[in-house]
Every structure is written in C-alpha cells, then in structure tokens.
C-alpha cells in the first residue's frame, strides 16, 4: 500500500524488521500529538521559545518516517519563530491537519504490518 | 564500551539505540535532556556521547561546553546528531572539538561510519 503522508518503503528499507517499525510507529503516534499540543499551548501563552522547540521536535520525529509535509510545516513554524515572527497562526492549522493525516496513515500501516506479522506466525 | 545518547524525541532514541547496539553490541544508555546527560556521565562514565542540540532544560551546545571544561571529560568523543544546519552553531561545536556531525534523520549509512572509530573491536567492543 502507498501512503501519501510518509515514505513507507524508505522506512522498511532502513529498519527492515516489521516489529521494530511498529515500535517506531507506536512512539510517533504517542509523541506527535503531544508535541503538537505543546506547540499550540505555548503559542497561545505567548511562549515562543517553547513553541519553537516543540516545532523543532515535530520536525525531527516526522523526518524519521520521511513525512515530508509535516516536517516542512514544522520547519516553517520553527524558522518563522526563530526569525522573530510571532504570528504563525496560518501555519499551525496546516501542521495540525498534516499531523492528523500522518497519524491516520501510520495507524493504518501499523495495523497492516501487525496483520502480516500475525499471518506469518 | 558504554555509549550515551541524548535526545528529547523517543522515536529518534529508539532508532539510534537500535543502530548502535545492533551494529556494535555496546551498552547504550538514553537520556532526554542535557542536564540528565551530565548526571549520567558523572555517575557512569561513557566512552562516546551521541548528542542532539535542541533539547529542553539544557542544550547540546551547553553540554559540550560543560564537558570540555571538566578535566575528566575534556577529551570525551562527542558526535552530534541534529537537523540544525546553522553554520555559526556548527562552527562553535567544531572549535569545542566535537568528533563528528550527523544530520537527522539518523540512518545507519551515515551514523555507523561516524561512530565506528570510537567503538572498534580493539577497544573491546564486539561487532
């Protein structure tokens, strides 16, 4: 199956073992919503340092599965805040949407991998 | 051989720990921020530090500065893993004597060559 939000083929090539890939997907599914909420909460509180760091962490986590759109949007927020732009409000819903789609795809892929793994046993 | 990897993202820690432990068979300890890294090193000396730059509490740059200012860790090999491409920051790390710089996302093809010189069989690490 091909996913538009990340590169499943690249991830499998890098890590090979479906069980390890499922562990990575599980961590991403738990962490990305937490990092996103941290970024949104920090922006709402005017804490741009924390928001910038949270966006940076989203960028790194998303890059682990070659999730380019989420990665690029997180990078755009991080760079804007670093450059002193305090209004990143147009980018945040885009990042939230990209992360939501990514999490849906990661969930679907994890279910597929677990199904294949059980079928092989 | 004991490797410490410090990064605030858990998926990155899992990936790097797997790459290093599987390839070199070393003990790999994880921590989530710079302050914790200094605490781990003080209690349980490491042979190699793999270090992110942007972290809460204490950044990777501050960790390198602290280690270079301490006689026991002055020459500890440190490899930076980061997606920071900010030249002044990288040059500052070079002047502090970091052993290498690996761009994220961490991939075996980029990471292994940077760390294998510090984790060789001659140094007691099984491969």
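Chains as they are written, first to last, in my numbering: chain H, 23 to 143; chain Y, 50 to 176.
No residue lacks a Cβ here, since even glycine has one placed at the ideal position from N, Cα and C.
What you are looking at is a predicted structure, and each value in this text was computed from that prediction instead of being measured.
Contact between residue 135 of chain H and residue 50 of chain H fails: their C-beta atoms lie close to 13 Å from each other, not under 8 Å.
The three-state reading of DSSP puts residue 28 of chain H in coil, since its state is none of H, G, I, E or B. Interface with chain H (9 Å Cβ-Cβ cutoff): residue 103 of chain Y is included.
As summarised for the segment 86 to 170 of chain Y, the continuous alpha helix (DSSP H) elements at least 4 residues long and confined to that stretch are 109 to 117, 136 to 144, 157 to 164, given in chain order. Interface flag for residue 154 of chain Y against chain H is set, since a Cβ pair is found closer than 9 Å. With contacts defined by Cβ atoms closer than 9 Å, residue 58 of chain Y and residue 101 of chain Y form a contacting pair. If you look at residue 93 of chain H, you'll find it isn't in any beta strand (DSSP E); it sits in the alpha helix (DSSP H) that goes 90 to 104. When the beta-carbon positions are compared, residue 80 of chain Y and residue 89 of chain Y come within less than 9 Å of each other. Residue burial is scored here from C-beta neighbours: residue 62 of chain Y has at least 16 other C-beta atoms within 10 angstroms and is therefore classed as buried.
Less than 9 Å divides the Cβ of residue 83 of chain Y from the Cβ of residue 104 of chain Y. Residues of the segment 63 to 82 of chain H with a C-beta atom less than 7 Å from some C-beta of chain Y are 75, 78, 79, 81, 82, listed in chain order.
Contacts with chain H (Cβ-Cβ distance below 7 Å) from the segment 53 to 72 of chain Y involve 57, 58, 59, 60, 61, 63, 64, 67, listed in chain order. For residue 91 of chain H against residue 27 of chain H, the beta-carbon gap comes to about 6 Å, under 8 Å, which counts as contact.
Going by DSSP, residue 72 of chain H is part of the alpha helix (DSSP H) stretching over 70 to 85. In the structure shown, residue 79 of chain Y adopts extended strand secondary structure according to DSSP, grouped into three states. For the set Y/73, Y/109, Y/107, the Cα lying nearest the Cα of residue 96 of chain Y is the one of Y/73.
Around the beta-carbon of residue 56 of chain H, fewer than 16 other beta-carbon atoms lie within 10 Å, marking it exposed. Taking CB atoms only, residue 53 of chain H has a neighbour in chain Y less than 9 Å away. Apart from the 5 residues on each side of it in sequence, residue 147 of chain Y sits with its Cβ closer than 6 Å to the Cβ of 127, 129 in its chain, given in chain order. Straight through space, the alpha carbons of residue 113 of chain H and residue 123 of chain H are spaced by roughly 16 Å. Note that the C-beta distance between residue 110 of chain Y and residue 91 of chain Y is not below 9 Å.
With respect to residue 54 of chain Y, residue 99 of chain Y sits close: the two C-beta atoms are nearer than 9 Å. DSSP, reduced to helix, strand and coil, places residue 110 of chain H outside both helices and strands of the structure shown, so it counts as coil.
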